[in-house]
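Report on the following structure.
Residue numbers (the numbering used here): 1 to 218.
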């Protein structure tokens with residue numbers, strides 16, 4: 001679902017139009033969803049600074065750098081930003097920043113914090129006491145356990161799982177369906193190849209000894 005369709009469907013805001021840099025404005029971009037398309041450099045003459053908000057609707061391109069750069073540029077120019085929060089999401093934590101998008105059925109649990117320009121896609125679960133730094137992207141149906149911190153501009157892929165109390169550094173990439181149990185330093189990447197799959201068999205008694213909460217054995 002596009003950002004505009006998301007906002008319109010859930011009646012979060014009245015979408016007045018779209019904007020691109022003038023270099024990308026052409027006759028083919030004269031209208032979108034029956035709404036006008038403006039050049040960004042003319043927005044200040046069009047928008048009401050006291051009532052109108054803007055949202056940077058860019059996903060994870062260049063490890064969220066495109067979204068970060070435009071967000072920071074518009075913030076320096078004095079624009080105010082919307083947060084798009086689905087009424088189908090569950091948010092007990094704190095949204096400390098702006099330009100955040102929390103999609104349908106996402107969960108942000110108690111004492112967790114989202115900072116500026118964070119995108120959380122459908123069905124993602126952020127557990128208790130987590131911290132999502134600026135410009136992160138959290139993929140659909142990923143699961144982040146309690147006490148996790150995710151560094152600035154990091155990407156977490158679809159259905160990834162991060163275990164409790166893990167520290168993810170700045171500008172990290174966690175691939176889809178990846179399981180992360182250890183801290184990741186800045187600028188690191190972890191993925192799982194499709195053919196890298198191992199299955200082992202154990203006795204029934206051994207299996208029942210694997211999950212010991214008091215010893216944190218997995």
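Even for Gly, the Cβ is constructed at its ideal location relative to N, Cα and C.
Small disclaimer: the values here were computed from a predicted structure and weren't measured.
Express the C-alpha separation of residue 99 and residue 190 in angstroms, rounding to a whole number.
The alpha-carbon atoms of residue 190 and residue 99 are separated by roughly 27 angstroms.
Output yes or no for whether 8 angstroms exceeds the beta carbon distance between residue 127 and residue 116.
Cβ atoms of residue 127 and residue 116: not closer than 8 angstroms.
Residue 46 by DSSP, collapsed to three states: which one?
Reduced to three states, the DSSP call for residue 46 is coil.
What residues in its chain sit with their C-beta under 6 angstroms from that of residue 220, if we drop five residues either side in the sequence?
A question about residue 220 goes unanswered here, because the residues of the chain that appear run from 1 up to 218.
Check each candidate in 136, 142, 21 and name the one with the smallest Cα separation from residue 151.
It is 136.
Restricting to Cα atoms, I'd like to know which of 57, 125, 81 is closest to residue 220.
There is simply no residue 220 to check, as the chain begins at 1 and stops at 218 in what is shown.
Under 8 angstroms between the Cβ atoms of residue 113 and residue 139?
No, Cβ-Cβ distance for residue 113 and residue 139 is not below 8 angstroms.
Assign residue 90 to buried or exposed, taking buried as 16 or more other Cβ atoms, counted over all protein chains shown, within 10 Å of its Cβ.
With fewer than 16 Cβ atoms within 10 Å of its Cβ, residue 90 is classed as exposed.
Compare the beta carbon distance of residue 53 and residue 37 with 8 angstroms and say whether it is the shorter of the two.
Contact: no.
So, is residue 131 buried or exposed, given that buried needs 16 or more other C-beta atoms within 10 angstroms?
Buried, by the Cβ-count rule.
Could you tell me if residue 61 is buried or exposed, where buried requires 16 or more neighbouring beta carbons within 10 angstroms of its beta carbon?
Per the 10 Å Cβ criterion, exposed.
By how many angstroms is the C-alpha of residue 163 removed from the C-alpha of residue 193?
Their Cα atoms are separated by approximately 20 angstroms.
Taking only three categories from DSSP, how would you classify residue 80?
Residue state, collapsed to three classes: coil.
Quick check: what's the CA-CA separation for residue 217 versus residue 102?
Residue confidence is low: residue 217 scores 45 on pLDDT, short of 50, so the model does not pin down where it sits. Its coordinate-derived value is still stated next. Approximately 33 angstroms between the Cα atoms of the pair.
Can you give me the Cβ contacts of residue 70 inside the same chain, cut-off strictly under 7 angstroms, excluding the 5 residues immediately before and after it?
Once the five neighbours on either side are set aside, the close Cβ partners of residue 70 are 56, 58.
So who's on the other strand from residue 156, going by DSSP bridges?
Per DSSP, 138, 174.
Does the distance from the C-beta atom of residue 161 to that of residue 148 stay below 8 angstroms?
No.
Looking at the strands, I want to know which residues DSSP matches up with residue 131.
Answer by DSSP bridge pairing, in chain order: 113, 149.
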